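*Asks:* Chains as they are written, first to last, in my numbering: chain A, 36 to 150; chain B, 624 to 738.
Every residue, glycine too, gets a C-beta built ideally from N, C-alpha and C.
Being a predicted model, the structure only gives us computed values, none of them experimental.
Quick one: structure below, then a few questions.
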Amino acid sequence: NAGVMQNPRHLVRRRGQEARLRCSPMKGHSHVYWYRQLPEEGLKFMVYLQKENIIDESGMPKERFSAEFPKEGPSILRIQQVVRGDSAAYFCASSPRRQGQETQYFGPGTRLLVL
Amino acid sequence: AQSVAQPEDQVNVAEGNPLTVKCTYSVSGNPYLFWYVQYPNRGLQFLLKYITGDNLVKGSYGFEAEFNKSQTSFHLKKPSALVSDSALYFCAVRDRNYNTDKLIFGTGTRLQVFP
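Right, dumping it as structure tokens:
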């Protein structure tokens, strides 16, 4: 059973460009979470999605960031008009269902560098 | 508000000695508690969790953690440290009475095990 997959692993963008980060959850998992890790900091929750639904986006910046988890295909975290402060590691996690006690399993992350 | 504190930025221990990585939490209700480990340039690996039941939880790689409700703590322990245990350790909490699945992470503790 493959784990959570994220691509690309590393992404370099210039200021003003768009960044698209992809996450494929573990097989059988229908819940996806995105977290951001700034240098020398812990992980901060961004958004929680089920297929075709955003459940909790309380951690998403109000502008430039969006996320989706379509019926088919991976979850996408999209950052428009990137700025240097967006440079961070972005981790995706998945779990099988929403009961709170379920473990979230993390992918290897996408490290975004904005020049 | 939910929060997690890891009071030590770094813990140093000699190989073969017992180790403890501290974690305290604050939630409005009863907590679900998790420990994850992160190796350099990797994602988070799940170690163990407390949901309910026995206060002493055993996890992967010989790690265990003790839930102490009166002290609101969930310290990670291992009887005999290995050099390969050197990594960044994160404690996380989810409030089971709070209507979201997001995990709140501590800032992490770097464990260094010396030969």
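Does the region 707–726 of chain B come close enough to the region 140–149 of chain A that 3 or more CB-CB pairs lie under 8 Å?
*Replies:* Touching, no.
*Asks:* How far does the beta strand (DSSP E) with A:H45 in it reach, from first residue to last?
*Replies:* From DSSP, the beta strand (DSSP E) with A:H45 extends over 45–48.
*Asks:* Rounded to a whole number of angstroms, what is the C-alpha to C-alpha distance between B:Y712 and B:V736?
*Replies:* Taking the straight line from one Cα to the other gives about 13 Å.
*Asks:* Under 9 Å, Cβ to Cβ, is there at least one residue of chain A near B:Q694?
*Replies:* No, no contact with chain A.
*Asks:* Give me the DSSP bridge partner(s) of B:Q670.
*Replies:* Per the sequence shown, residue 670 of chain B should be read as Leu rather than Gln. None, per the DSSP bridge assignment.
*Asks:* Only counting the same chain, and skipping five residues up and downstream in sequence, which positions put a Cβ closer than 6 Å to that of A:A124?
*Replies:* Cβ neighbours of A:A124 beyond the five flanking positions: Q72, G144, R146.
*Asks:* What does a CB cutoff of less than 6 Å around A:D91 pick up in its chain, not counting 5 residues either side in sequence?
*Replies:* Closer than 6 Å at the Cβ level, and outside the excluded window around A:D91, lie Y83.
*Asks:* Based on the DSSP output, what are the partners of A:A102 in its beta bridges?
*Replies:* A:L112, per the DSSP bridge assignment.
*Asks:* Would you say A:Q139 faces chain B, with C-beta separation under 9 Å as the test?
*Replies:* Yes, A:Q139 counts as interfacial toward chain B.
*Asks:* Can you tell which of A:L78, A:K97, A:R132 has the C-alpha that lies nearest to the C-alpha of A:Y70?
*Replies:* Nearest option by C-alpha distance: A:L78.
*Asks:* Measuring only between beta-carbons, confirm whether B:G676 sits less than 9 Å from chain A.
*Replies:* Chain A, which has no Cβ nearer than 9 Å to the Cβ of B:G676, makes this no.
*Asks:* How is the beta strand (DSSP E) around A:D91 delimited, first residue to last?
*Replies:* Its beta strand (DSSP E) spans residues 88–91.
*Asks:* Looking at C-alpha atoms only, which residue of A:V118, A:Q139, A:P131, A:L112 is the closest neighbour of A:R55?
*Replies:* Per the Cα distances, A:L112.
*Asks:* Under 9 Å, Cβ to Cβ, is there at least one residue of chain B near A:Q116?
*Replies:* No, its Cβ sits nowhere closer than 9 Å to a Cβ of chain B.
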